[in-house]
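Worksheet: one structure, shown below.
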Amino acid sequence: MENLLPKARPIEFHPLKLAKKQELTKSTFALEFEIPPELSSQYHFEAGQYVTLQFPVNGKVVLKDFSMTSAPYEEKITLGIKISSDESFASSLFKDLKTGDLIEVSEPRGRFTLGSKPHEFRTIVGFAGGIGITPILSHFKNILHTEPRTRLFLFYGNRNKKQVAFKNELDELAKQHPDRLEIHYFYSQEKVGNGLFEGRLNEKKVALIINQILQLDDTDEESTIWDAVDEVLICGKGEMIKSVANACYRHGIRKKNIHFELFEEFNEDIYPVEKEFPLLENIEVGFKLFNKEYKTTLKDNKMRLLQQLLIQKFPVPYSCKSGICGSCECILEEGQVELLENEYLTEKEEASGKILACMSIVLSKNIKVNFDLM
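So the numbering used here is basically just the index in the sequence shown, starting at one, shifted up by 1342.
The following block contains the structure:
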């Protein structure tokens, strides 16, 4: 996950000591940070959350978000990071950070989380692509530790075997919990002798997984494992999330039980928009951002609010543009919008007037929003 513009809400940082730096593959590495006792309450987190690192690169302070692979019970913060190029922020971290260094780490946040149900029998399926394994690893470790009745299935896609991050840790978890965790690896650019495990994780692959892997259920002879799935976790690139999420939905999983986290900007809807909206033109918009008041006019409401403000070069905070990250969260103070399906806001937050600009279709000639959520 990356922040392309700073969020309107303040982020609290603290200097944490780097306890360990480990190269995982040629393009991925892990960082482990110590949490001092006096900051333990600030760094209490839920599985699936992320932190922001603040680090100087070429004389400029850069902020980037990274999901944690550690589980809450481990009482430490471990990150999995992919190096996309030699000039990237991740490359600078890997080259310049040394064990014992202090680095500014934000307090944890994020909503790619699940409620714990230690007394229930649950089946949870995870789909991960590349470095998208990071928050799902956090989830799976936490569930194995806190939910003795829950069984887990992981489907993890990479280009080839050499690029599988955290494979040793995953295999060790499967070895420790053979009756509760089953892992299947998929490779898009390597032949492994079985067509099922060759190719990308997408809608077609999900159908094959359901029919060939998640079949007969030992706990219920009259149903399949897929029939028993309670929650689905998906993390990776936008196209992978879109394809897998829609496949799960079309195969009977309710949208509210399909959870996803995005690791890059993605400008498309995860699910198709099935509703038409009345056309409005010359819409007057007022908004508050970073303690400044702005006014502008939108030509029409054919595009979402965030996209139109960005086209006009306003510094509105965003990351995913797909209703997942919450970076563009704001309060609707005047007017009306249609808030499309999103993975971030709760029903209570929507009822209080909060919206996501990236998922908002304007339905009135005048609106006013406030991005400064203090």
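All C-beta atoms, glycine included, are put in the ideal place defined by N, C-alpha and C.
Between the region 1674 to 1688 and the region 1708 to 1715 there are three or more inter-stretch CB-CB distances shorter than 8 angstroms, so the stretches are counted as touching. For the beta strand (DSSP E) assignment, the uninterrupted runs of no fewer than 3 residues enclosed by the region 1358 to 1385 are, from N- to C-terminal side, 1370 to 1375. A direct Cα-Cα distance of roughly 28 angstroms separates Q1505 from K1663. Distances from the CA of C1577 to each of N1609, L1543 and K1547 were compared; the closest alpha carbon is that of L1543. Nearest neighbour of K1598 by Cα position, chosen from E1511, T1455, S1694 and G1471, turns out to be T1455.
The residues L1366, T1367, T1370, G1422, I1473 and I1475, in chain order, have a CB closer than 7 angstroms to that of A1507 in the same chain once the five nearest residues on each side in sequence are set aside. With a cut-off of 8 angstroms on Cβ pairs, the region 1611 to 1623 is not in contact with the region 1410 to 1419, counting fewer than three such pairs. The three-state secondary structure of P1398, taken from DSSP, is strand.
Contact annotation: the region 1428 to 1448 does not touch the region 1457 to 1465, with fewer than three C-beta pairs closer than 8 angstroms. Looking at the DSSP output, V1658 bridges to nothing. Annotation: the continuous beta strand (DSSP E) that includes E1563 extends over D1562 to T1566.
Going by DSSP, T1411 is part of no alpha helix (DSSP H) at all; its letter is neither H nor E.
Each of Y1392, E1540 and G1452 was checked against the Cα of N1500, and the nearest Cα belongs to E1540.
Here DSSP, grouped into helix, strand and coil, assigns H1593 to coil. Of the candidates E1449, I1485 and V1571, the residue whose Cα lies closest to the Cα of K1418 is E1449.
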